[in-house]
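If you count the sequence shown from 1, position 140 lands on 140 in UniProt numbering, and the numbers rise without skipping.
Quick reminder that beta carbons are idealized off the backbone N, C-alpha and C, glycines included.
For clarity, every value in this text was computed on a predicted model and none was experimentally measured.
Take a look at the structure below.
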Amino acid sequence: MARRSRLEAKLSDNQFNGGSSGQLAKVLQPETAAVRKAAQPLTESEVAKIVAGGTKLTPEEYELLLDHQNSKGQLWRSWLELPHPNGSLILPPTVVKQKHFKLGDHTFSCFSTRHNSSGIQFKSPDNPSVRLTGFIQEIWQLPLQNHMQTFFLIQKHKLLPPALLQQTPFVSLSLFQTTAVDAELSNQFCIIEPTNILTHLTFYHRPKGTYGINKRILVLCWALNRGRRN
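In structure tokens:
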């Protein structure tokens with residue numbers, strides 16, 4: 001254990017710089033070089049190449065992302081609002097779409113790619129003290145202020161009416177960290193960032209009639225978090 005701790009400390013401090021030791025470090029901790037490279041600012045030509053090669057957002061998606069950026073206290077302008085004053089922050093119209101995103105030791109995926117790893121509990125972008133659940137529909141990356149940023153398009157779960165939720169056993173069993181929602185997907189979407197994500201969800205499709213509820217439901221559990229992210 002002590003030897004492993006010393007090795008991890010050296011990897012963290014980047015004490016292996018080249019030669020066979022450097023190659024070994026890349027094998028033992030492959031993300032280190034990638035993270036360090038990602039932290040470097042992009043050049044203007046790199047930004048232009050990424051934007052030109054990206055996938056154009058729909059007007060609705062673009063407006064949702066623009067609203068999200070402006071909600072954080074900075075003024076971002078639509079790329080259509082010509083002319084742009086000098087020094088303006090312009091939100092690009094294209095993104096690089098990803099199927100998966102690794103956050104720590106966990107991989108989060110789009111609903112269409114891997115259903116089981118797309119369900120998440122997350123902090124509301126409007127109020128971090130509010131916990132919400134939903135499915136990751138898309139993962140976007142784009143260069144903002146010369147750094148690649150990651151965003152998630154979330155389709156929120158459709159809540160059950162309070163009267164139906166009261167028919168489930170979970171209302172009085174808060175330590176189970178479980179609830180039930182409508183199996184039908186909602187038409188509510190939001191944009192979040194990696195810092196909003198709390199945990200994967202374990203979810204179970206339950207048939208019509210479960211707990212006396214006359215519709216299909218999803219039983220959601222967020223106990224995988226174990227209090228590690230809040």
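Of the listed residues the options, nearest to residue i (C-alpha basis)
| i | options | result |
| --- | --- | --- |
| Gln141 | Thr43, Leu57, Val130, His157 | Leu57 |
| Leu144 | Phe203, Gly209, Leu65, Gln177 | Leu65 |
| Ser129 | His147, Leu198, Leu220 | Leu198 |
| Ser112 | Thr133, Gln155, Gln149 | Gln155 |
| His200 | Arg131, Ile90, Pro59, Leu91 | Arg131 |
The ligand ADP heavy atom lying under 8 angstroms from the CB of residue i
| i | result |
| --- | --- |
| Gln188 | In terms of ligand content, the structure shown is empty, and the ligand ADP therefore cannot be addressed. |
Terminal residues of the beta strand (DSSP E) in which residue i lies
| i | result |
| --- | --- |
| Asp156 | In the sequence as displayed, the identity of residue 156 is Lys instead of Asp. That run of the beta strand (DSSP E) goes 147–156. |
| Ile217 | 217–221 |
| Gln98 | 94–98 |
| Ser109 | 106–109 |
Rounded C-alpha distance that separates residue i from residue j
| i | j | result |
| --- | --- | --- |
| Asp182 | Ser71 | 29 angstroms |
| Phe151 | Lys215 | 33 angstroms |
| Cys110 | Ser117 | 8 angstroms |
| Gln166 | Ile213 | 10 angstroms |
| Pro161 | Gln74 | 37 angstroms |
| Gln188 | Gly134 | 10 angstroms |
Counted within 10 angstroms of its Cβ, other Cβ atoms place residue i as buried (16 or more) or exposed
| i | result |
| --- | --- |
| Thr123 | One detail in the question is off: residue 123 reads as Lys in this sequence, not Thr. It is buried - the Cβ of Lys123 has at least 16 other Cβ atoms within 10 Å. |
| Glu138 | buried |
| Ala33 | Here Ala33 scores only 43 on pLDDT, less than 50, and its place in the model should not be relied on; the value that follows carries that caveat. Ala33 should be labelled exposed. |
Simplified DSSP state of residue i, which is helix, strand or coil
| i | result |
| --- | --- |
| Val130 | coil |
| Glu81 | coil |
| Leu144 | strand |
| Glu193 | coil |
Residue interval of the alpha helix (DSSP H) (run including residue i)
| i | result |
| --- | --- |
| Ala180 | No alpha helix (DSSP H) holds Ala180; the beta strand (DSSP E) holding it covers 178–182. |
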